[in-house]
Amino acid sequence: FEEKRRRVVGWSRRKRKLVPSDAELQCLNLNPGRNVVRFIYETSVWGRQEVNTCVYLWEWNSKVVISDVDGTITKSDMLGHLLPMVGRDWSHTGISSLYRRIKDNGYEFMFLTSRALAQADTTRDYLAKLCQNGDSLPDGPLIMSPDGITTSLFREVIKKTPHEFKIASLSTIRALFPGQWNHQPFYAGFGNRETDERSYRAVGVPDGKIFTINPSSQVVCRGTKACKTYSIQELSALMDQMFPPVTKSIDVKDNEEFNNWNFWRTSYAEIDIDA
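If you count by the numbering used here, then the sequence shown holds residues 23 to 297, one letter each, in order.
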């Protein structure tokens, strides 16, 4: 009925899409890494308006480290929102240096937060300006909730289900990588809640590479056999073992089971609790 009515009246409907086609992406002539894209439009009321965003071009075999923002880079969720607005630093000591060293070993970073899209400018500004002892956070895409502030807060504070948005977003991004070479793009994930662990595990991040940072700046790694706690500085000292330098050759495929950290580490004795 609706289709017949459109033909009779002569209506036309323009279909909007959020994902550009391959041809449209090729027209952008993207460079490896970060690319600035500018949307320009004009209205009779506001005149010429511009909106800037970034598009990141990565190799097909890139290894991506995911990081939450509130409670992970900052010491707590709520104060992480408020204190930077009044010029107070409330970030974990050493987090910038840790992330920078991971980036220097060849890993790409992606920041994932359930903050609303309306907070994009303040969140990007905070991440760009955070600097500790001369180390700034590595550059990387910022993925935010497309919903409004009220909806985002309701999902995170009342429903306590931010993982629903995060799993959907990460699954969409993982689908961008070619599947024929059986490449898992997500290498590790940093968070501060059980919902972060659930999100990372759902998109294939190994249990031994899921790190939870508590308010005391302790990094908890829950492997399959044991739960290990590090300080941020201790984890940074184990950089080349936990995050080995990346070799992006097509002929070389790293096997996590036989890297230096997993192959040489001491295995835990199994205890029969029923004996």
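Even glycine gets a Cβ: it sits at the ideal position worked out from N, Cα and C.
Given the structure is predicted, the values throughout are model-derived calculations rather than measurements.
Does the distance from the C-beta atom of residue i to that of residue j stay below 8 Å?
i    : j    : result
G170 : S258 : no
Y129 : K85  : yes
K88  : G226 : Just to set this straight, residue 88 is Ile in the shown sequence, not Lys. Against a cut-off of 8 Å, the Cβ pair of G226 and I88 comes out as no contact.
I195 : S221 : no
F133 : G162 : yes
V41  : V59  : no
N214 : D44  : no
P267 : N127 : yes
I254 : H114 : yes
L79  : N53  : yes
R123 : M261 : yes
F61  : E46  : no
F131 : P160 : yes
Per DSSP, residue i forms a beta bridge with which residues?
i    : result
Y148 : Its beta-bridge partners do not exist; DSSP assigns none.
I62  : E72
Y78  : R56
S253 : Q240
D157 : Q154
I171 : Its beta-bridge partners do not exist; DSSP assigns none.
I232 : G211
L164 : F133
S89  : F133, F212
A138 : S167
S298 : Nothing can be reported for residue 298: it is not among the residues displayed for the chain, which extend from 23 to 297.
For residue i and residue j, which I take to be in contact (beta-carbon distance under 8 Å), what is that distance rounded to the nearest angstrom?
i    : j    : result
L152 : S118 : 6 Å
S158 : L139 : Not confirmed; about 24 Å, so no contact.
May I have the straight-line CA-CA distance separating residue i from residue j, to the nearest angstrom?
i    : j    : result
T96  : T217 : 17 Å
T94  : K182 : 17 Å
F199 : N57  : 19 Å
Q263 : R177 : 37 Å
K275 : W68  : Below a pLDDT of 50, predicted positions are generally treated as unreliable, and K275, at 48, falls in that range; the measurement from the model is reported next regardless. Going by the C-alpha atoms only, they are around 53 Å apart.
G201 : S66  : 47 Å
Y252 : T173 : 35 Å
T135 : A150 : 15 Å
N204 : S193 : 15 Å
S98  : I235 : 10 Å
Y63  : R70  : 6 Å
L301 : T75  : The chain is shown only over 23 to 297; residue 301 falls outside these bounds and no answer can be derived.
E219 : P184 : 11 Å
G55  : G230 : 28 Å
W82  : A142 : 27 Å
Q206 : L175 : 31 Å
D92  : K125 : 20 Å
W112 : A197 : 35 Å
K250 : S191 : 29 Å
E256 : R223 : 24 Å
Q48  : P237 : 44 Å
G156 : T269 : 27 Å
Would you check if there are 3 or more beta carbon pairs closer than 8 Å linking the region 140-147 to the region 222-241?
-> no
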